[in-house]
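Here's the structure we're looking at; comments come further down.
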Amino acid sequence: RTVKATSGRQIFQPLHTLRNAEKELLPGFHQFEWQPALKNVSTTWDVGIIDGLSGWTASVDDVPADTISRRFRYDVALVSALKDLEEDIMDGLRERGLDDSMCTSGFTVVVKESCDGMGDVSEKHGSGPAVPEKAVRFSFTVMSISIRLEGEDDGITIFQEQKPNSELSCRPLCLMFVDESDHETLTAILGPVVAERKAMMESRLIISVGGLLRSFRFFFRGTGYDEKMVREMEGLEASGSTYICTLCDSTRAEASHNMVLHSITRSHEENLERYEIWRTNPYSESAEELRDRVKGVSAKPFMETQPTLDALHCDIGNATEFYKIFQDEIGEVYLKTNPSREERRRWRSTLDKQLRKKMKLKPVMRMNGNYARRLMTREAVEAVCELIPSEERREALRKLMGLYLQMKPVWRSTCPARDCPDQLCQYSYNSQQFADLLSTMLKYRYDGKITNYLHKTLAHVPEIVERDGSIGAWASEGNESGNKLFRRFRKMNARQSKMFELEDVLKHHWLYTSKYLQ
1 RTVKATSGRQ IFQPLHTLRN AEKELLPGFH QFEWQPALKN VSTTWDVGII DGLSGWTASV
61 DDVPADTISR RFRYDVALVS ALKDLEEDIM DGLRERGLDD SMCTSGFTVV VKESCDGMGD
121 VSEKHGSGPA VPEKAVRFSF TVMSISIRLE GEDDGITIFQ EQKPNSELSC RPLCLMFVDE
181 SDHETLTAIL GPVVAERKAM MESRLIISVG GLLRSFRFFF RGTGYDEKMV REMEGLEASG
241 STYICTLCDS TRAEASHNMV LHSITRSHEE NLERYEIWRT NPYSESAEEL RDRVKGVSAK
301 PFMETQPTLD ALHCDIGNAT EFYKIFQDEI GEVYLKTNPS REERRRWRST LDKQLRKKMK
361 LKPVMRMNGN YARRLMTREA VEAVCELIPS EERREALRKL MGLYLQMKPV WRSTCPARDC
421 PDQLCQYSYN SQQFADLLST MLKYRYDGKI TNYLHKTLAH VPEIVERDGS IGAWASEGNE
481 SGNKLFRRFR KMNARQSKMF ELEDVLKHHW LYTSKYLQ
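What follows is the structure, encoded as structure tokens:
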């Protein structure tokens, strides 16, 4: 209630009422231990907000880091998140008819990790380094907790996050003023986070839940990254590379000729191996041959991400593409050879006017999730069709959008097998039809090229859904919504000083995600 009043007016009060309660909600309150002890991580458990640069040893010839960063220690934050779910865990055991005094080990926690860069974060006054006007936020969401009883093969789920894409379940771990393209600083700050995560994967956490000590193990899945961040973390070339995909080795030209039949082959381990080949060039090949051998891995992979597709950015990427198709169709590009910039600009403003008139859609500078959702509808296509002279082309457009809308729920839904089983079954057929339309009716656009997200949408969705059960649940949306909170807390609930603002934002944001307070 300190953030959103029920009346809809926003009220900001200092959190005095939380002063005492908050101590046990913030990381660093509950005692715990790891067995075996975490490698290279201190065993103290009462650590709160720490400097994200701790561990940055500034040697004489090193550049001082022009950044400010604040974070929680990863294991301490996870303990706090689990203790916050204590009631849910106990309820889950009861609902499953399990005797909680028997269930002290065999718990598994699955964690979704998200990381995203934010632009135009204005700089505050005050002492300290001149920080870039950009920020990066790293967060995690506890997706599910299950228990495996002795002698049983399958785990029993006792907690499942019902709103995996809400900002209410997405817990901030690390905030920093860094440009996400500044690889050195980003890796220096996330380095310790990666090290802590790696240590936790090889150990078990012992904490008291419901009055008894219980042991938990953790699985981390880095899925909340847009393509730019995945490429950055996994050492791949940037998004415009001919190696179009972060899941398979296809080139852009191959992907445009064979749109549907690809399988997921890339992995963090393979990227590390390929980087070694790139670095050492064991077969003494030319730059071109070497690049073809490593399929576009050209930097050292730094953090493991899950080879998946981010539903939110997929939506945005495909909507951007449709927006361009609409312009091309209004201008009847399929009859012309390279139209001038003037003509293109005219088509674009025609499209914008029409969308504004019929759909009440204001033009946006950069495509965003909300615009994408409203553009990818039958109504939008009907509005665009009014501007297209040829009946044949109008039919094709309607069919294209119809197929897209059949495919979209499959990668948008939190549980497609439950929410849209029919569309799931028909996905491969629909994507094949969609691909045929692109390569016939829109040949002028997809001859030898295709966008990254269209390729993923057409080629990889069924395989990911089969592997993970869902794409939508693992999206970066919660973290993206968290960006808005970051801006709000920074404006309203933080000290106006460079040195302290991030701790205030981190603290507030953490409390905002507490299930107990909700």
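All residue numbers for the sequence shown refer to the UniProt record's numbering, where the first residue is 1 and numbers rise by one.
Glycine included, C-beta positions come from ideal geometry on N, C-alpha and C.
Small disclaimer: the values here were computed from a predicted structure and weren't measured.
Item: Lysine 443 (DSSP reduced to helix, strand or coil); Value: coil
Item: Segments of 3+ residues assigned as beta strand (DSSP E) that fall wholly inside the segment 400–430; Value: none
Item: Beta-carbon gap between residue 519 and proline 389 smaller than 7 Å; Value: This structure leaves residue 519 out entirely; the chain is present only between 1 and 518.
Item: Beta-ladder partner(s) of aspartate 116, from DSSP; Value: Arg137
Item: Anticipated Cβ contact below 8 Å, aspartate 226 with aspartate 310, distance rounded; Value: 6 Å
Item: Closest Cα partner of glutamate 273 within the set Phe138, Cys170, Leu78, Arg293; Value: Arg293
Item: CA nearest to the CA of tyrosine 334, picked from Asn452, Lys456, Ala199, Lys443; Value: Lys443
Item: Own chain partners of asparagine 281 with C-beta closer than 6 Å, once the 5 adjacent residues on each side are dropped; Value: Leu290
Item: Distance between beta carbons of phenylalanine 177 and alanine 135, contact taken as under 8 Å; Value: 5 Å
Item: CA-to-CA distance, serine 101 to asparagine 368, given in whole angstroms; Value: 49 Å
Item: Between the CA atoms of serine 139 and leucine 485 - distance to the nearest angstrom; Value: 13 Å
Item: DSSP three-state assignment for isoleucine 145, whether helix, strand or coil; Value: strand
Item: Aspartate 51 - containing beta strand (DSSP E), residue span; Value: 49–51
Item: As assigned by DSSP and simplified to three states, the class of valine 178; Value: coil
Item: Segment limits, alpha helix (DSSP H) that includes glutamine 354; Value: 341–359
Item: Residues sharing a beta bridge with leucine 205, DSSP; Value: Trp34, Phe216
Item: Member of His125, Ile244, Leu506, Met499 whose CA lies at the smallest distance from the CA of asparagine 493; Value: Leu506
Item: The beta strand (DSSP E) enclosing glutamine 160, as first and last residue numbers; Value: 156–160
Item: Buried or exposed (CB count within 10 angstroms, at least 16 for buried), methionine 162; Value: The identity of residue 162 in the sequence shown is glutamine, whereas the question assumes methionine. Glutamine 162 is exposed by the Cβ-count criterion.
Item: Beta-ladder partner(s) of arginine 70, from DSSP; Value: Asp51, Leu175
Item: Option nearest threonine 353 by Cα separation, candidates Asn338, Pro339, Glu386, Ala130; Value: Reading the sequence as shown, one finds lysine at residue 353 and not threonine. Nearest option by C-alpha distance: Glu386.
Item: Pick from Gly331, Thr337, Lys336 that is closest to serine 349, judged by C-alpha positions; Value: Gly331
Item: Spatial neighbours of glycine 240 in its chain, beta-carbon cut-off 8 Å, leaving aside the 5 residues before and after; Value: none
Item: Length of the line joining the Cα atoms of proline 172 and arginine 137; Value: 7 Å
Item: Beta-carbon proximity check, proline 27 vs valine 76, cutoff 7 Å; Value: yes
Item: The segment 498–517 touching the segment 78–87, judged by at least three CB pairs closer than 8 Å; Value: yes
Item: Coarse secondary structure for threonine 242, derived from DSSP in three states; Value: coil
Item: Rounded separation between histidine 508 and arginine 490 - CA only; Value: 10 Å
Item: Inter-residue spacing [alpha-carbon to alpha-carbon] between aspartate 154 and arginine 148; Value: 6 Å
Item: Buried versus exposed, by CB contacts within 10 Å (16 or more), glutamate 329; Value: buried
Item: 8 Å contact criterion, which phenylalanine 107 and threonine 187 should meet: CB distance rounded; Value: Rounded, the Cβ-Cβ distance is 32 Å, inconsistent with contact.
Item: Buried/exposed call for valine 109, threshold 16 Cβ in 10 Å; Value: buried
Item: Collapsed DSSP secondary structure at glycine 222 in the structure displayed; Value: strand
Item: As assigned by DSSP and simplified to three states, the class of leucine 397; Value: helix
Item: Candidates Val364, Lys228, Ala380, Arg393, of which the one nearest histidine 313 by Cα; Value: Lys228
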